[in-house]
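Visitor: Residue numbers (the numbering used here): -4 to 349.
Even for Gly, the Cβ is constructed at its ideal location relative to N, Cα and C.
I'd like to ask you about the structure that follows.
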Ligand code: 9MR
């Protein structure tokens, strides 16, 4: 399809032309800076809490602390943004005080947490990452499931338990299974794609209300192939299962790019463009979220430091919140997305945000 030649001055507008959402991960401290807050409101139609809605942050039964997540949800509602709830069950965000708990106690606490959080925000959350990162193909199981407390406490059908409970409480929310590392070209990533397809087929056959696959999309500009037939084939199979796709946490590391800034920015931008064009062409997508907006607020600054010590530049905006080539690349990919008017139902249910 020909890209639309429209004047759009924000990613939010560009995405909306294709019935997509565009957004960012954020935290409450972002809301205290006027310029950053204005930028979020100009560019985004969906927001995701980067860490303040995780189980270890909200805490356990006795004294759950919802102050931060309440603030973020209120910000979304007040400003007409969709809210992507991240995340209900994730092996990395189990509260410390459950470390020694019995499996029965753990299962009880996990269900209590899920129930309490979904109920609190029902009607105000557009979508939920119900389960995050269930697969680890190096853990030696034939089904590729990660050895986690959830697996130990509930057994291999724990996804059905989580999705079933979330759907009971908030039948309107889009329920997402979110995973990392499905995007790469390595043999390990191909094993993960196969394991994901098998997992989804099994869970859907048993009636689990999974509606969407979340593909995190933490990419490396020096490593991500421009043409990726295996990823294309995978996305077609996901579509064949009747599932939507959300790009949930995109960023493009420049850790292994040359130091020259123009070259680096170009490689990062090209990676955003090629990847988004491919995914948006092959899937019925609900939207694209980046894991932050600007180069000074990114987990990659510590997790993917450059060997030459130069500051990393993986995001769409620079430290002064100016648009980089990556911003233009994302805009162009959004505008050329397949989602034609009327081709899928609008990503954002009417009435939900008001
Ligand atoms: O970027 C997030 C970082 O600020 C948090 O400290 C960390 C632990 O809560 O989680 C990071 O976000 C992760 C996301 O929740 C799941 N996919 C991988 C992300 C980067 O580690």
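Could you give the distance in angstroms between the alpha-carbon of residue 293 and the alpha-carbon of residue 279?
Guide: The residue labelled residue 293 in the question sits at position 298 within the chain shown. The residue labelled residue 279 in the question sits at position 284 within the chain shown. Each residue's alpha carbon lies about 28 angstroms from the other.
Visitor: Let's test the definition: count the other Cβ atoms within 10 Å of the Cβ of residue 60 and tell me whether it reaches 16, buried, or not, exposed.
Guide: For the purposes of this step, residue 60 is taken as residue 65 along the chain shown, with counting starting at 1. That one is exposed.
Visitor: With DSSP as the reference, label residue 179 as helix, strand or coil.
Guide: Here residue 179 refers to the residue found at position 184 of the chain shown. Residue 179 falls in the coil class under three-state DSSP.
Visitor: To the nearest angstrom, how far is the alpha carbon of residue 19 from that of residue 95?
Guide: For the purposes of this step, residue 19 is taken as residue 24 along the chain shown, with counting starting at 1. For the purposes of this step, residue 95 is taken as residue 100 along the chain shown, with counting starting at 1. Roughly 35 angstroms separates the two Cα atoms.
Visitor: Quick check on residue 81: buried or exposed, where buried means 16 or more other Cβ atoms within 10 Å of its Cβ?
Guide: Numbered from 1 along the chain shown, position 86 holds the residue referred to as residue 81. Label assigned to residue 81: buried.
Visitor: From residue 349 to residue 73, what does the alpha carbon distance come to, in whole angstroms?
Guide: Translated into the one-based positions of the chain shown, residue 349 becomes position 354. Translated into the one-based positions of the chain shown, residue 73 becomes position 78. Its pLDDT being 31, under 50, residue 349 is placed unreliably by the model, and nothing is read from it.
Visitor: On the premise that residue 243 lies in contact with residue 165, defined as a C-beta separation below 8 angstroms, what is that separation, rounded to the nearest angstrom?
Guide: For this step, residue 165 is matched to residue 170 along the chain shown. For this step, residue 243 is matched to residue 248 along the chain shown. About 18 angstroms; that fails the 8 angstroms criterion.
Visitor: Would you kindly check if the distance between the Cβ of residue 155 and the Cβ of residue 385 is under 7 angstroms?
Guide: Because the chain in this structure spans residues -4 to 349, residue 385 falls outside the shown range and cannot be described.
Visitor: Mind reading off the beta-carbon distance from residue 86 to residue 141? Whole number of angstroms is fine, and I expect it under 8 angstroms.
Guide: Reading the chain shown from its first residue, position 91 is the one you call residue 86. Reading the chain shown from its first residue, position 146 is the one you call residue 141. So it is a contact: roughly 6 angstroms between Cβ atoms.
Visitor: Please go through the same chain and pick out, in chain order, the residues whose beta-carbon is closer than 8 angstroms to the beta-carbon of residue 345, but skip the five residues on each side of it.
Guide: Translated into the one-based positions of the chain shown, residue 345 becomes position 350. Reliability of the predicted coordinates at residue 345 is poor, the pLDDT of 36 falling under 50, and the value obtained from them is presented with this limitation in mind. Nothing listed; no residue qualifies.
Visitor: What is the rounded straight-line gap between the Cα of residue 182 and the Cα of residue 256?
Guide: Here the question's residue 182 lines up with position 187 in the chain shown. Here the question's residue 256 lines up with position 261 in the chain shown. When rounded, the distance between both Cα atoms is 31 angstroms.
Visitor: Considering Cα atoms alone, identify which of 100, 227, 66 is closest to residue 22.
Guide: Looking up residue 22 in the chain shown gives position 27. Checked all of 100, 227, 66; the closest Cα to residue 22 is 66.
Visitor: DSSP state of residue 17, grouped into three classes?
Guide: Numbered from 1 along the chain shown, position 22 holds the residue referred to as residue 17. Here residue 17 sits in strand by DSSP.
Visitor: Between residue 130 and residue 109, is the Cβ-Cβ spacing less than 7 angstroms?
Guide: Working through the chain shown from its first residue, we reach residue 130 at position 135. Working through the chain shown from its first residue, we reach residue 109 at position 114. Their beta carbons are not under 7 angstroms apart, which means residue 130 does not touch residue 109 by this criterion.
Visitor: When you compare the CB positions of residue 249 and residue 298, do they come within less than 7 angstroms of one another, or not?
Guide: Here residue 249 is taken as the residue at index 254 of the chain shown, counted from 1. Here residue 298 is taken as the residue at index 303 of the chain shown, counted from 1. Cβ atoms of residue 249 and residue 298: not closer than 7 angstroms.
Visitor: At what residues does the alpha helix (DSSP H) containing residue 103 begin and finish?
Guide: As a position in the chain shown, residue 103 is number 108, starting the count at 1. Residues 98 to 116.
Visitor: Would residue 132 and residue 187 qualify as a contact pair, given that the criterion is a beta-carbon distance under 7 angstroms?
Guide: As a first step, residue 132 must be located in the chain shown, where it is residue number 137. As a first step, residue 187 must be located in the chain shown, where it is residue number 192. Yes, Cβ-Cβ distance for residue 132 and residue 187 is below 7 angstroms.
Visitor: Under DSSP, the alpha helix (DSSP H) around residue 51 begins and ends at which residues?
Guide: Taking the first residue of the chain shown as 1, we reach residue 51 at position 56. Looking at the DSSP string, the run of the alpha helix (DSSP H) that includes residue 51 is 50 to 53.
Visitor: Cβ-heavy atom distance between residue 123 and the ligand 9MR below 6 angstroms?
Guide: Position 128 of the chain shown, counted from the first residue, corresponds to residue 123. Every heavy atom of the ligand 9MR is 6 angstroms or more from the Cβ of residue 123, so no.
Visitor: Buried or exposed: which applies to residue 25, given that a residue is buried once 16 or more other Cβ atoms fall within 10 Å of its Cβ?
Guide: The residue you call residue 25 lines up with position 30 of the chain shown. Residue 25 is buried by the Cβ-count criterion.
Visitor: Apply the 10 Å Cβ neighbour rule to residue 239 and answer buried if 16 or more other Cβ atoms are within range, or exposed otherwise.
Guide: Locating residue 239 in the chain shown gives position 244, where the first residue counts as 1. Under this definition residue 239 is a buried residue.
Visitor: Kindly indicate which residue of 162, 194, 161 has the alpha-carbon position closest to the one of residue 174.
Guide: By 1-based counting over the chain shown, the position of residue 174 is 179. Residue 194 is the option with its Cα nearest to residue 174.
Visitor: Are there any heavy atoms of the ligand 9MR lying less than 6 angstroms away from the beta-carbon of residue 45, as far as the coordinates show?
Guide: The residue you call residue 45 lines up with position 50 of the chain shown. Flag set: Cβ of residue 45 near the ligand 9MR.
Visitor: Pull up the distance between the alpha-carbon of residue 227 and that of residue 274, whole angstroms please.
Guide: Mapped onto the chain shown, residue 227 falls at position 232. Mapped onto the chain shown, residue 274 falls at position 279. One C-alpha to the other measures close to 7 angstroms.
Visitor: The ligand 9MR heavy atoms versus the CB of residue 294: any closer than 6 angstroms?
Guide: The sequence position of residue 294 within the chain shown is 299, counting from 1. Yes, Cβ of residue 294 sits closer than 6 angstroms to a heavy atom of the ligand 9MR.
Visitor: Going by DSSP, which residues form a beta bridge with residue 77?
Guide: Here residue 77 is taken as the residue at index 82 of the chain shown, counted from 1. Bridge partners of residue 77: 41.
Visitor: Determine the direct distance from the alpha carbon of residue 171 to that of residue 70, and round the result to whole angstroms.
Guide: On the chain shown, residue 70 is found 75 positions in, with the first residue counted as 1. On the chain shown, residue 171 is found 176 positions in, with the first residue counted as 1. So the alpha carbons of these two residues sit roughly 22 angstroms apart.
Visitor: Considering only C-alpha positions, which residue in the set 177, 307, 10 is nearest to residue 289?
Guide: Here residue 289 corresponds to residue number 294 of the chain shown, with the count starting at 1. Of the candidates 177, 307, 10, the one whose C-alpha sits nearest the C-alpha of residue 289 is 307.
Visitor: Confirm, please, whether the CB-CB distance from residue 102 to residue 93 is below 7 angstroms.
Guide: As a working mapping, residue 93 is identified with position 98 in the chain shown. As a working mapping, residue 102 is identified with position 107 in the chain shown. No, the Cβ-Cβ distance between residue 93 and residue 102 is not below 7 angstroms.
Visitor: Give every residue of the same chain whose Cβ lies closer than 6 angstroms to the Cβ of residue 169, excluding the five residues on either side of it in the sequence, and list them in chain order.
Guide: In the chain shown, counting from the first residue as 1, residue 169 sits at position 174. So the qualifying residues of the chain are 122, 206, 207.
Visitor: Report the rounded CA-to-CA distance for residue 315 versus residue 160, giving the unit in angstroms.
Guide: As a working mapping, residue 315 is identified with position 320 in the chain shown. As a working mapping, residue 160 is identified with position 165 in the chain shown. Approximately 43 angstroms, taken between the alpha carbons.
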